[in-house]
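Residue numbers (the numbering used here), protein chains in the order written: chain A, 28 to 134; chain B, 28 to 134. Yeah, the Cβ is synthetic: ideal placement off N, Cα and C, and Gly gets one too.
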DNA sequence: TCAATATATGAACAATCATTCATATTTTCA
DNA sequence: TGAAAATATGAATGATTGTTCATATATTGA
C-alpha cells in the first residue's frame, strides 16, 4: 500500500543533501509555474514566456536548471524546442504539496 | 485511488506562490535533516543540535521557520521544548522526494 | 530570589540565486 | 549564403537567506 516507507532506513548525509537540493527546484515561483504549465503537456520556451509574462532569458535560465536536474526534458522541432516533464514523480510531488496547502487553507 | 489530481483545476498565482514557498522549507539541508529526525518522534532542541553537530542557535532559527510555517509543533515540558511533525503530509512529501532521488540513483 | 539550564531572537555577514541585458548559437527559409 | 527567428548563456546586480555571535526570555531548583 505505502511504497514510500524509507523512514527506518538510515539515510546518509549525502542523500539528505541531495534531497534538499531536489526540493529547492520546487522552491521558486517561476519554476513552480513552469512545472504547472508542463503538467498540461509539452510547450515551447516562447509560449512559456508569454504565458508567464516573463522575459525569454529568465525562462530559459530556469529551464536549464530544471533540465540539468532532470525534471524536464527538451525536444527539438526545427528551431523550436518543446519542453515536457521528465519524470512522473514530479507531478506527484507537485500535487502532494498542493494537497497540503489546499488542506491547510480549508481548515 | 489518486486523490491528488488538481491538474485541471485553474491555480491562482497566489496558490502557486504559496506552493513554492512551501517547498522552500524542504530546500535546505539543515531543515531536511531536522525533518528526518522528527520523523522518528518528538525530540528536544538540544538533542537535535547534538545529533546534527550544529549550534543551538542555528537549530532554533530553523525550528522557528518550520514552526511558523506549520510544519512542526512544540511541546513544553519544564524548560525543555520538544518538537514533532505537525502534519502527516510532511512525511509523505519527504518520502516521495526520497523515492524520486533513490529511483534516479538506481537507474 | 538567584544561579543555572534550555530555548529564542536580533543584528551582521557571507553566500546563494533569480532576473536583466547583451550577445552567442542553432535552425529555417528566401 | 544571409537574414530572421528561437533558444541559450555569461556577466552583473539586487534580493534573499543561513549561520554566527551576543543577548534576551523562561523555567527549575536551591
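- For residue 67 (chain A), the closest C-alpha among the options A:115, A:126, A:133 and A:105 is that of A:115.
- Residue burial is scored here from C-beta neighbours: residue 89 (chain A) has at least 16 other C-beta atoms within 10 angstroms and is therefore classed as buried.
- Per DSSP, the continuous beta strand (DSSP E) segment holding residue 109 (chain B) begins and ends at 107 to 112.
- Put simply, the CB of residue 63 (chain A) is near chain B, with a gap under 8 Å to one of its CB atoms.
- Per DSSP, reduced to three states, the secondary structure at residue 104 (chain B) is strand.
- Cα atoms of residue 133 (chain B) and residue 44 (chain A): separation of roughly 17 Å, rounded to the nearest angstrom.
- Among the residues facing chain B, residue 56 (chain A) is included, as its CB has a counterpart in that chain under 8 Å away.
- Around residue 128 (chain A), the beta-carbon contacts reaching into chain B at under 8 Å are 42, 45, 46 and 49.
- Closer than 8 Å to the CB of residue 82 (chain B) there is not a single CB belonging to chain A.
- Looking at the backbone, the Cα of residue 101 (chain A) and that of residue 41 (chain A) are separated by about 29 Å.
- Contact holds between the segment 54 to 72 of chain A and the segment 112 to 128 of chain A, because three or more Cβ pairs, one in each stretch, are under 8 Å apart.
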